[in-house]
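Engineer:
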Amino acid sequence: MPSRDRVEPQFVAERKIVSASDEVLVAKRKSEMVGEILPPEDSVPNVFDEARIRADLERLSAAPTLFARYFVVLSSRFQRKNEIAVLDRWKELYVKSKELADAIRSLHTTQHEQAVRVSELEAQAEENRLRRDRAKAERRRINESRAQELPKKSLDEVQFERKQSLRLLDLQDQIFEDLELKVKSDIDITKAKKKCRRQIMNDPNLTEQEQDDLLDRLDKRFDTLTKGKDISIFS
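Residues 390 to 624 (my numbering) are what the sequence shown spells out, left to right.
1. By DSSP, does Thr596 sit in helix, in strand, or in coil?
2. For the alpha helix (DSSP H) containing Thr454, name the first residue and the last one.
3. Whose CA, out of Gln513, Val505, Ser554 and Leu603, lies closest to the CA of Arg529?
4. Taking Arg469 as part of the alpha helix (DSSP H), name the residues at either end of that continuous run.
5. Decide if Lys525 is buried, meaning its Cβ has at least 16 other Cβ atoms within 10 Å, or exposed.
6. On the criterion of 16 or more Cβ atoms from any shown chain inside 10 Å, does Val433 qualify as buried, or is it exposed?
7. For the alpha helix (DSSP H) that Asp438 lies in, which residues bound it at each end?
8. Taking the alpha-carbon of Asp601 as reference, which of Glu566, Asp612, Leu614 and Gln561 has the nearest alpha-carbon?
9. What's the gap between the Cα of Glu439 and the Cα of Asp445?
10. Answer with buried or exposed for Lys583, where buried requires no fewer than 16 other C-beta atoms within 10 angstroms of its C-beta.
11. Classify Ser432 as helix, strand or coil using the three-state DSSP reduction.
12. Using the rule of at least 16 other Cβ atoms within 10 Å of the residue's Cβ for burial, across every protein chain shown, is Ala457 buried or exposed?
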């Protein structure tokens, strides 16, 4: 009976043939994988040519995926100590260059966002300035108009009407400013408008005509502020 530990010579020979065949297939597959990973013009050289490899890396630096794949093939092909040192130095340089480029890109993005925000704030400040100027002009017009009526009315009547007109403008500014704040903050703007209307209608110092005029201005201001906004979500 043949021993179980004994290996037939024929089996050993066949195993060697299979192993050699496998090595050929593996080498062929590695070669095919290199061709799949990189285009023909970017194939890794068989000899460690620093000038050639440096040029390839510089060309692929803009494509991180290709660069990484190319570097994997380089690392597996060149294993000498001096070759590994050169590759490590190039890889470190690439990483630092990429970090610097990312930092610069992030800085430019931040600067752009800040510039946009500054422009928005400047536009809002200019709008507020124009609104104050219009209010001052309206006050001057009222004062001049009231001054011309002095001979026709008593001083007390003129002063009362002047105070009432100025109070009406102050109330309008306060209501409009509160409404504008609610609209810009995307708070329930429909509810904010109703609150402003109640404030006008419940003011005992306003005449019916003054209430109507102020409510009409409120509607127009509300339409201007909500232009382009979908206010149905607040209904």
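Ideal placement from N, C-alpha and C gives every residue a C-beta, glycine not left out. The structure displayed is predicted, hence computed values, not measured ones.
Structural biologist: Short version:
1. The residue given as residue 596 occupies position 207 in the sequence shown. Thr596: coil per DSSP, three-state reduction.
2. In the sequence shown, residue 454 corresponds to position 65, counting from 1. Where Thr454 is concerned, the enclosing alpha helix (DSSP H) stretches over Pro453 to Arg466.
3. Within the sequence shown, numbered from 1, the residue matching residue 529 stands at position 140. Ranking Gln513, Val505, Ser554 and Leu603 by Cα distance to Arg529 puts Ser554 first.
4. Within the sequence shown, residue 469 is the residue found at index 80, counting from 1. It is not in any alpha helix (DSSP H) - Arg469 carries neither H nor E in the DSSP assignment.
5. Position 136 of the sequence shown, counting from 1, holds the residue named residue 525. When all chains shown are included, Lys525 counts as exposed.
6. The count along the sequence shown starts at 1 and reaches residue 433 at position 44. It is buried - the Cβ of Val433 has at least 16 other Cβ atoms within 10 Å.
7. Counting from one through the sequence shown, the residue named residue 438 turns up at place 49. Where Asp438 is concerned, there is no enclosing alpha helix (DSSP H), given that its DSSP letter is neither H nor E.
8. Taking the first residue of the sequence shown as position 1, residue 601 is located at position 212. Closest option to Asp601, Cα to Cα, is Gln561.
9. Position 50 of the sequence shown holds residue 439. Position 56 of the sequence shown holds residue 445. Glu439 and Asp445: Cα-Cα distance of roughly 10 Å.
10. Taking the sequence shown and counting its residues from 1, one reaches residue 583 at position 194. With fewer than 16 other Cβ atoms within 10 Å, it is exposed.
11. Here the question's residue 432 lines up with position 43 in the sequence shown. Of the three classes helix, strand and coil, the one that applies to Ser432 here is coil, per DSSP.
12. Taking the sequence shown and counting its residues from 1, one reaches residue 457 at position 68. With fewer than 16 other Cβ atoms within 10 Å, it is exposed.
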